[in-house]
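Participant: In mature numbering (1 follows the signal peptide of the UniProt record, and there is no 0), the protein residues as written are -22 to -1, 1 to 113. Every residue gets a Cβ at the ideal spot worked out from N, C-alpha and C, and that includes glycine. For clarity, every value in this text was computed on a predicted model and none was experimentally measured.
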């Protein structure tokens, strides 16, 4: 009994100081996201470090206009349809798909980047396999 009581007391004595090593809670957010208090710190801009107005990576400027003669993003790309041969040239090929956070194109396929859209195309036929708009 005395031995058990000694072990329990020793365990409590050693575990109590461990609470002081616990990490503090998360700090208030300063990136424009919701903070715990609802307001940014005094003198700090509300969306510090953010240049997309908090809309995330898929945000596209409302004043965006496609270049003359280019396909209109989100509207003229359709899976199963062929890409105009003009866009199948080297100028639109994406060779650094890893750096652009795209998945590896399957064999005999290639990523194209046209007017803000990534289009996965079969090389031989030009048929659209996948479309990533506003990526």
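Checking 9 Å against the spacing of the C-beta atoms, do residue 85 and residue 98 come in under that value?
Facilitator: Taking the chain shown and counting its residues from 1, the one referred to as residue 85 is at position 107. Taking the chain shown and counting its residues from 1, the one referred to as residue 98 is at position 120. No. Outside cutoff.
Participant: Going by other Cβ atoms of all chains shown within 10 Å of its Cβ, with 16 needed for buried, is residue 90 buried or exposed?
Facilitator: Here residue 90 refers to the residue found at position 112 of the chain shown. Classification of residue 90: buried, given that the 10 Å Cβ count is 16 or more.
Participant: Does DSSP put residue 96 in a helix, a strand or coil?
Facilitator: What you label residue 96 is simply residue 118 of the chain shown in a count that begins at 1. Strand, per DSSP.
Participant: Assign residue 92 to buried or exposed, taking buried as 16 or more other Cβ atoms, counted over all protein chains shown, within 10 Å of its Cβ.
Facilitator: As a working note, residue 92 is residue 114 in the chain shown. Buried, by the Cβ-count rule.
Participant: With C-beta atoms as the reference, is residue 106 less than 9 Å away from residue 59?
Facilitator: Translated into positions along the chain shown, residue 106 becomes position 128. Translated into positions along the chain shown, residue 59 becomes position 81. Cβ distance < 9 Å, so residue 106 and residue 59 count as in contact.
Participant: Alpha carbons only, please: which of 81, 61, 79 and 82 is nearest the one belonging to residue 103?
Facilitator: Here residue 103 refers to the residue found at position 125 of the chain shown. It is 61.
Participant: Specify the secondary structure class of residue 88 as computed by DSSP and reduced to three states.
Facilitator: Mapped onto the chain shown, residue 88 falls at position 110. Residue 88 falls in the strand class under three-state DSSP.
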